[in-house]
């Protein structure tokens, strides 16, 4: 196991590991109080693998219960890394994934299971997951599981395992419910409270910046922060799923490589986003608080709070994603005018000494100087796409041609003249209608050769409107005033020979 970890550059032990591993290997039940990112996964994982053995018999012998899918994937990957040179098989069991693959791995004899309470109980009720031979059991982030309402599920899982098992429980906080749970299902546990000697330095390594920003200007400000010199992987915390998806779309449109994790994504999409962020294919991760649980990436340089957190605990949980392992980090928090009361509570609880965040815009000089943003940064890596203008209307593009070719503008004028003729009163209106036609003929030029002429001019006032309705006058209508215009018969109404 040591060689497998050394290949990944994991050599030095964290305080929680130094205190936990020697006791856990002997079979001592342990309550470990440690925050996320302090190395507790290997603190319980290495003793667990050691006690299971190098070549254990098929069947589930160790169970690790976690509150979220993301954390299940994270713990699974760490244990799989440590078990690289051993014969033990590790399988992740959680919702949002197809049952078939998980069932096949269990039937193949996996010895170590990492999963969420709901899916674990589901498979146990189907008699696919047998917990009767579990010798090692771990509850990770127990306080979060209780917050999510998993207490009854945890009790059911405990009841399905042997009473003589070795149990380890890890939690960032120790509420009364956790203490009661430990008394019921653990045997004389030792309470280890890991205070990282670098914890104070870690906070000192994080540079906190708080700005009062306008909601309509935040995207511009964030775009410029993402162009800061030395910026590496960045986590942006959002309040809602919709806001997270919208910001991702905006940043991608600006040319940044951004992924998001939130509740509207299915499990495969969330895993791909996390894998891309960890591998460096995506250097920006946009997340909601719930979806961010389980994010354990050491090389995060910036954390951005798009909106102020609800309380100081959430603030510390968010900004704790940066400044890890002795590295420096920058935490930027935007405070809306309506959230000043929340910031006042956080400022007082954490003693920041910033009661009034400075009003900041994307053009503010202090933004560039404080966050090391190069002058001239525009908040985007590619130019704004130019929308093509709508094509000009046909009548605008062919106005010059229509005057002499009878094009679209000619047809339009013909329709207008027809409406004008129909609007004239019958009694005595023929001369006016004819006048319109003559005027239209002057505008449109020559008509179509060989077009039939209108009916006889003197055939009666009552027939004129009917002929106009049945036949459209052509450009040769001017010929109607010629002396022999009435001699030609109309195709619609034949005239008798003279």
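In full-length UniProt numbering, the protein residues as written are 1 to 498. Even for Gly, the Cβ is constructed at its ideal location relative to N, Cα and C.
Pick helix, strand or coil for residue 455, following the three-state DSSP scheme. For this step, residue 455 is matched to residue 455 along the chain shown. The pLDDT assigned to residue 455 is 44, lower than 50, so where the model puts this residue is not dependable; a value taken from the coordinates is nonetheless given after this. DSSP places residue 455 in coil when its eight states are reduced to three.
Taking the beta carbon of residue 332 as the centre, do at least 16 other beta carbons fall within 10 Å, making it buried, or is it exposed? On the chain shown, position 332 is the one that residue 332 refers to. Using a 10 angstroms sphere on the CB of residue 332, the tally of other CB atoms reaches 16 or more, which defines it as buried.
Using the DSSP secondary-structure output, state which residues sit across from residue 171 in a beta bridge. On the chain shown, residue 171 is found 171 positions in, with the first residue counted as 1. BP columns for residue 171 point to 33.
For residue 20, does the three-state DSSP call read helix, strand or coil? The residue you call residue 20 lines up with position 20 of the chain shown. Three-state result, residue 20: helix.
Buried or exposed for residue 130, going by 16 or more other Cβ atoms inside 10 Å? Here residue 130 refers to the residue found at position 130 of the chain shown. So residue 130 ends up on the exposed side.
Restricting to Cα atoms, I'd like to know which of 94, 101, 138 and 149 is closest to residue 42. In the chain shown, residue 42 corresponds to position 42, counting from 1. Among 94, 101, 138 and 149, the Cα nearest to that of residue 42 belongs to 138.
Work out the CA separation of residue 251 and residue 443 for me, nearest whole Å. For the purposes of this step, residue 443 is taken as residue 443 along the chain shown, with counting starting at 1. For the purposes of this step, residue 251 is taken as residue 251 along the chain shown, with counting starting at 1. Residue placement at residue 443 cannot be trusted, given a pLDDT of 40 that sits under 50; what the coordinates show is reported in the next sentence. Taking the straight line joining both Cα atoms gives about 56 Å.
Counting pairs of Cβ atoms below 8 Å between the segment 164-172 and the segment 40-56, do you hit three or more? yes
Is any beta-carbon of chain D found at less than 9 Å from that of residue 378? Although the question refers to chain D, the structure presented lacks it and comprises just one protein chain.
Just list the beta strand (DSSP E) runs in the segment 326-397, keeping only unbroken ones of 3 residues or longer that don't cross its boundaries, in chain order. 329-335 and 358-360
Counting beta carbon pairs with one atom in the segment 261-271 and one in the segment 53-63, are three or more of them shorter than 8 Å? no
Could you check what DSSP says for residue 91 in three-state terms: helix, strand or coil? Here residue 91 is taken as the residue at index 91 of the chain shown, counted from 1. Residue state for residue 91 is assigned as strand, using DSSP reduced to three classes.
Cβ pair count under 8 Å reaching 3, the segment 64-71 against the segment 108-117: yes
Check the C-beta distance from residue 228 over to residue 371 and give it rounded, since I have them as a contact under 8 Å. As a position in the chain shown, residue 228 is number 228, starting the count at 1. As a position in the chain shown, residue 371 is number 371, starting the count at 1. Going by Cβ atoms, the distance from residue 228 to residue 371 rounds to 5 Å, so yes, they are a contact pair.
Would you mind listing the alpha helix (DSSP H) stretches within the segment 61-144 that are 4+ residues and don't spill past its ends, in chain order? Every unbroken stretch of the alpha helix (DSSP H) spanning 4 or more residues and falling wholly within the segment 61-144 is given here in chain order: 69-82, 99-107 and 117-125.
Report yes or no: do three or more beta-carbon pairs, one from the segment 217-226 and one from the segment 367-381, lie closer than 8 Å? Below 8 Å, enough C-beta pairs join the segment 217-226 and the segment 367-381 to call them touching: three or more.
List the residues that DSSP assigns as beta-bridge partners of residue 236. Position 236 of the chain shown, counting from 1, holds the residue named residue 236. Partner(s): 286 and 304.
By DSSP's criteria, residue 207 is part of a beta bridge. Which residues make up the other side? Working through the chain shown from its first residue, we reach residue 207 at position 207. Bridge partners of residue 207: 330.
In three-state DSSP terms, what is residue 297? Against the chain shown, residue 297 aligns to sequence position 297. Here residue 297 sits in coil by DSSP.
Other residues of its chain near residue 450: CB distance less than 6 Å, five sequence neighbours each side excluded: Within the chain shown, numbered from 1, the residue matching residue 450 stands at position 450. In this predicted model, residue 450 has a pLDDT of only 46, less than 50, meaning its place in the structure is not dependable; the value taken from the coordinates is given anyway. Taken in chain order, the list of residues that qualify is empty.
Determine the contact status of residue 530 and residue 55, defining contact as a CB-CB distance below 9 Å. The question about residue 530 has no answer here: the residues shown for the chain are numbered 1 through 498.
Look at the alpha carbon of residue 161 and the alpha carbon of residue 174, and state the distance between them as a whole number of angstroms. The count along the chain shown starts at 1 and reaches residue 161 at position 161. The count along the chain shown starts at 1 and reaches residue 174 at position 174. CA-to-CA, the gap between residue 161 and residue 174 works out to about 24 Å.
Give me the Cα-Cα distance between residue 285 and residue 299, rounded to the nearest whole angstrom. Residue 285 sits at position 285 when you count from the first residue of the chain shown. Residue 299 sits at position 299 when you count from the first residue of the chain shown. Rounded to whole angstroms, the gap between the alpha carbons of residue 285 and residue 299 is 13 Å.
By the DSSP assignment, the alpha helix (DSSP H) with residue 279 in it spans what residues? Here the question's residue 279 lines up with position 279 in the chain shown. Residue 279 -> alpha helix (DSSP H) spans 267-279.
On the three-state DSSP scale, how would you describe residue 180? Here residue 180 refers to the residue found at position 180 of the chain shown. Helix.
Do residue 74 and residue 189 come within 9 Å of each other at the CB atom, strictly closer than that value? As a working mapping, residue 189 is identified with position 189 in the chain shown. As a working mapping, residue 74 is identified with position 74 in the chain shown. The answer is no: Cβ separation not under 9 Å.
Assigned secondary structure, residue 257 (DSSP; H/G/I helix, E/B strand, else coil): Translated into the one-based positions of the chain shown, residue 257 becomes position 257. Coil, per DSSP.
At a cut of 8 Å, does the segment 299-310 reach the segment 233-252 through at least three beta carbon pairs? Taking a cut-off of 8 Å on C-beta distances, the segment 299-310 touches the segment 233-252, as three or more cross pairs fall below it.
Do the CB positions of residue 327 and residue 289 come within less than 9 Å of each other? The residue given as residue 327 occupies position 327 in the chain shown. The residue given as residue 289 occupies position 289 in the chain shown. Taking 9 Å as the Cβ cut-off, residue 327 and residue 289 do not qualify as a contacting pair.
Does the beta-carbon of residue 12 have 16 or more other beta-carbons within 10 angstroms, so that it is buried, or is it exposed? Here residue 12 corresponds to residue number 12 of the chain shown, with the count starting at 1. That one is exposed.
What did DSSP end up calling residue 317 once you bin it into helix, strand or coil? Within the chain shown, the letter at position 317 stands for residue 317. Residue 317: helix per DSSP, three-state reduction.
Nearest neighbour of residue 110, chosen from 158, 80, 267 and 303 [CA to CA]: Your numbering for residue 110 matches position 110 in the chain shown. It is 80 whose Cα lies nearest to the Cα of residue 110.
What are the start and end residues of the alpha helix (DSSP H) that includes residue 51? Residue numbering aside, residue 51 sits at position 51 when the chain shown is read from its first letter. For residue 51, the enclosing alpha helix (DSSP H) stretches over residues 40-52.
Should residue 213 and residue 334 be called a contact, given that it needs their Cβ atoms to be closer than 9 Å? Along the chain shown, one-based indexing puts residue 213 at 213. Along the chain shown, one-based indexing puts residue 334 at 334. Cβ atoms of residue 213 and residue 334: closer than 9 Å.
Using DSSP bridges, identify the partner residues of residue 166. The count along the chain shown starts at 1 and reaches residue 166 at position 166. Residue 166 pairs with 136.
8 Å Cβ shell around residue 396 - same chain, five flanking residues per side excluded: The residue you call residue 396 lines up with position 396 of the chain shown. For residue 396, the predicted model reports a pLDDT of 48, less than 50, meaning its position is unreliable; a value from the coordinates is still stated below. Beyond the five residues adjoining it in sequence on each side, residue 396 comes within less than 8 Å, by CB distance, of no other residue in the same chain.
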